[in-house]
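Okay, structure first, notes after.
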Amino acid sequence: MSQKRSVVNLSGQDSTSREKVLFWLKKLGTVTVQDLIDRMDVTGVAIRRYITELQEEGHIVTKVQRHQVGRPTHYYQLTDSALELYPRQYDELATELFDELEALYGETGVALFFEQRSTKLKRRYEDTVTGETLEDRLEALVRVQNEQGYMANVHPNADGSFSFEEKNCPIAKVACRYGHACRCELQLFRSLLQVQVERTACMAEGGNVCSYHIMQDS
């Protein structure tokens, strides 16, 4: 498994050679080895090594242009997965969008958005979060949440109830600012599982995890 890399320094300054390769790929879109040699104080051998490494990690694809005379030209482009290597400001953008929504429509508008989102998520997941037992449905819910980056897990308790935990919140900044997000998740879990669900900890309220106590039907 390849080592996880840090986010690319998009200033192009004080960067590693690997970061500079990614910087110029992002800036130019399509490059040849010679393009990189012209812009970096690095040998062609070193650049090819970085390109090979990035190809093996799935971050670069190659397009070959053949000529009637001479050797073919290799062009390199970033893949979609490579975009995750670059800095993004999704949290800030999302928070700003909700601030604008609240400014235009008040807290009622924000609440309505999250209610509609909860309804859409229920429709999206109700055919996935299924199973004969509550434990089966909870395991399915863990898979669904982990696909969204929540780092979820579930374990049974001695009294027959379950503890459901999430160790990451992909929308943490929005959730900290707007409690509707957390209420939306609680509503979604109750709707999908069709049992009693109570939240016992919340990262948006200072907890280390988001946790839920889930009880079997009596």
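In short: position in the sequence shown from 1, add 9, done, that's this note's numbering. Ideal Cβ placement from N, Cα and C applies to all residues, glycine included.
Query	Result
Going by DSSP in three states, C193 sits in which element: helix, strand or coil?	helix
Ignoring anything shorter than 3 residues or poking outside the stretch 43 to 108, list the beta strand (DSSP E) runs there in chain order.	69 to 74 and 82 to 87
Would you mind sorting H76 into buried or exposed? The rule is 16 or more other CB atoms within 10 Å of its CB.	exposed
Round the Cβ separation of K36 and D100 to the nearest angstrom and send it over; I've been treating them as touching at under 8 Å.	K36 to D100, Cβ: 24 Å. No contact.
With burial defined as no fewer than 16 other Cβ atoms inside 10 Å of the residue's Cβ, what is the status of Q12: buried or exposed?	Below a pLDDT of 50, predicted positions are generally treated as unreliable, and Q12, at 44, falls in that range; the measurement from the model is reported next regardless. Exposed, by the Cβ-count rule.
Nearest-angstrom Cα distance between D50 and K176?	43 Å
Residues in the same chain with beta-carbon distance under 7 Å from R14, minus the five sequence neighbours each way, listed in chain order, please.	For R14, the predicted model reports a pLDDT of 49, less than 50, meaning its position is unreliable; a value from the coordinates is still stated below. Same-chain partners within the cutoff: L94.
Alpha carbon to alpha carbon, how far is D47 from I56? Give it in angstroms, no decimals.	11 Å
In chain order, what are the residue ranges of uninterrupted beta strand (DSSP E) at least 3 long that sit wholly in the stretch 162 to 226?	171 to 175, 205 to 210 and 219 to 224
Taking just the CA atoms, how far does T82 sit from I152?	First, the residue type needs correcting, since residue 152 is Arg and not Ile in the sequence shown. So the two alpha carbons sit approximately 44 Å from each other.
Taking all protein chains shown into account, decide if Y85 is buried (16 or more other Cβ within 10 angstroms of its Cβ) or exposed.	buried
Reducing DSSP to helix, strand and coil, say where V151 ends up.	helix
Just mark H189 as buried or exposed, buried being the case when its beta carbon has 16 or more other beta carbons within 10 Å.	buried
Can you tell me the Cβ-Cβ gap for V204 and D226, rounded? I've got them flagged as a contact below 8 Å.	6 Å
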